[in-house]
Amino acid sequence: MTFSAGVLLFRRRAGLEVLLGHMGGPLWERKDSAAWSIPKGEYLPEEESATAAAAREFEEELGLPVPEGEWVPLGDVRYGSGGRTKQVTIWAVEGDLDPALVVPGTFEMQWPPRSGRIQEFPEIDRAEWFGLEVAREKLGVGQRPFLDRIAAHAVEPLDGTVPH
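Just so we're aligned, residue 4 is where the sequence shown starts under the numbering used here, counting upward by one.
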């Protein structure tokens, strides 16, 4: 099993909105439905805490630190990914971020397949805010339970104050 951790940034506008990243690289460039992800990444539990990994991965993927705010645990979800089981742990943080400021990290892969050419691609090629209904269509199936959890938490103000 592999372990991933991340941060689901949210804000309250006309309704609840979440920030998602469109997966980068040539395998995802023409896909939209289920091709977006919560900023997250793998870590080794014996070497790093899940919260440290979530903050690190957010910054690696978006090029920006997690905005200051309370980290609300949304728990874990397990799903299959690439023939293996992945356990994903996510925290919600209320804040705002301009997607135009995102400077994504990169990864390398052989492309085209079996070409012997190694190319560099962005981890995410863009980030956008979505209402929960649209986010459900955009987000990969395994991560969709986190949308239900953030919706349940956001019904009542997370810090006990009146929503703005």
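The beta carbon of each residue, even a glycine, is placed where N, CA and C say it ideally should be.
- A residue is called buried when at least 16 other Cβ atoms come within 10 angstroms of its Cβ; F110 does not meet this threshold and is exposed.
- Boundaries of the alpha helix (DSSP H) harbouring V137: L135 to K141, taken from the DSSP string.
- Residue burial is scored here from C-beta neighbours: Q113 has fewer than 16 other C-beta atoms within 10 angstroms and is therefore classed as exposed.
- For the segment 33 to 120, the continuous beta strand (DSSP E) assignments of 3+ residues that do not extend past its boundaries occur at 43 to 46, 74 to 84, 87 to 97 and 109 to 113, in sequence order.
- Beta bridge pairing from DSSP links E131 with L23.
- If you check the CB distance, E71 and P42 do not come in under 7 Å.
- For R15, the three-state secondary structure derived from DSSP is strand.
- Checking the DSSP bridge columns, you'll see F149 has no partner listed.
- Judged by their CB atoms, F13 and A95 are nearer to each other than the 7 Å cut-off.
- Between the segment 20 to 27 and the segment 120 to 137 there are three or more C-beta pairs closer than 8 Å, enough to call the two in contact.
- Between the segment 148 to 159 and the segment 66 to 86, the count of C-beta pairs closer than 8 Å reaches three or more; the two stretches touch.
- When the beta-carbon positions are compared, E140 and S40 stay at least 7 Å from each other.
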